[in-house]
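Reading through the structure tokens given below for one structure.
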Amino acid sequence: MKITKSIVVIYKALLISCLIFTVGTRTKAQAFIDATADATALPVTIVSFSGSVVNNGIMVQWTTTSEINNSHFIVQKSVDGVSFNNIGTLTAKGSINTIANYALLDNASIDKGKFYYRLQQVDKDGKLSFSKVIVIQISTSSTSGITIYPSPITNQSCTVQLTKMPKGNYQIQMLNLNGSVISKHNYSQTGTETTIQLQLPNVVAGTYIIQVSSVNDGAVFSKKVLVL
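Residue numbers (our numbering): 1 to 228.
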């Protein structure tokens, strides 16, 4: 009888230990799931991220529609699309549910070449997330395949001839030297050459940039023009 009682006591002890272990394990597992969910949640909604060639470099711009516990953004740049370096930091709005616009000028990108940009978003608790990568390509007139005439532009119109451009969808814009869009058109490159007539009403005399952006891969080709 004593042996039976001992067996029952031992069984109850083992059962309680198993229950404690099970509950503890479940709690740790749930904590890991919660932590993982928090790590993958995106505290910032970025609705646009782009770059444009301006007078003294490349203007990197992005727009958010909501931010939660957001500390700052770091703009990163690469020349090969693999290794990125920090080129600037902008303080974030914190926690908002309204539209916020950001911009950073990369004035080191004034020579021809292909440049890659991405955003590193940092929470106030140190968590990180990354944006998509955009590609900006600066080309000289001899390699870009962009011919504009008449040059200088007169009579508030010009013809843009595009050659040696990969087939695909493009957007052509006229920008002032601050990066503001003066005129914008969409077109498809289906052959080796495309000619587009731009009407430029109410454009005042000055220096502008004709920028052709690939919708497919983000590559940007540009050329300065003078309007009389």
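Where a beta carbon is used, it is the ideal one built from N, C-alpha and C, also for glycine.
Which of helix, strand or coil DSSP assigns to Pro150:
Numbered from 1 along the sequence shown, position 150 holds the residue referred to as residue 150. In this structure, Pro150 counts as strand in the three-state DSSP scheme.
Are at least three pairs of beta-carbons, each pair with one atom in the segment 53-66 and one in the segment 144-156, less than 8 Å apart?
no
Quick check on DSSP: helix, strand or coil for Ser222?
For the purposes of this step, residue 222 is taken as the residue at position 222 of the sequence shown. Strand.
Straight-line Cα distance separating Lys127 from Ala39:
As a first step, residue 39 is located in the sequence shown; it is residue number 39 there, counting from the start. As a first step, residue 127 is located in the sequence shown; it is residue number 127 there, counting from the start. Note that Ala39 scores a pLDDT of 36, beneath 50, so its modelled location is shaky; the value from the coordinates is reported in the next line. So the two alpha carbons sit approximately 7 Å from each other.
If we count Cβ pairs, one from each stretch, closer than 8 Å, do we get three or more for the segment 153-160 versus the segment 188-199?
yes
Indicate the three-state DSSP secondary structure (helix, strand or coil) for Met165 in the structure shown.
Residue mapping note: residue 165 aligns to position 165 of the sequence shown, counting from 1. The answer is coil: DSSP assigns Met165 none of H, G, I, E or B.
Any idea if Gln137 is buried or exposed, counting beta-carbon neighbours within 10 angstroms, 16 or more meaning buried?
Along the sequence shown, one-based indexing puts residue 137 at 137. By the 10 Å Cβ count, Gln137 comes out buried.
Bridge partner(s) assigned by DSSP for Gln173:
Residue numbering aside, residue 173 sits at position 173 when the sequence shown is read from its first letter. Lys184 and Gln211, per the DSSP bridge assignment.
Under 9 Å, do Gln199 and Lys184 count as touching if we go by C-beta distance?
Working through the sequence shown from its first residue, we reach residue 199 at position 199. Working through the sequence shown from its first residue, we reach residue 184 at position 184. It is not a contact, given that the beta carbons lie outside the stated cut-off.
For Ala37, which residues of its own chain have a beta-carbon under 7 Å away from its beta-carbon, when the five flanking residues on both sides are left out?
Position 37 of the sequence shown, counted from the start, is the residue given in the question as residue 37. Confidence is the limiting factor: at Ala37 the pLDDT is only 33, short of 50, which leaves the residue's position unreliable and the question unanswerable from this model.
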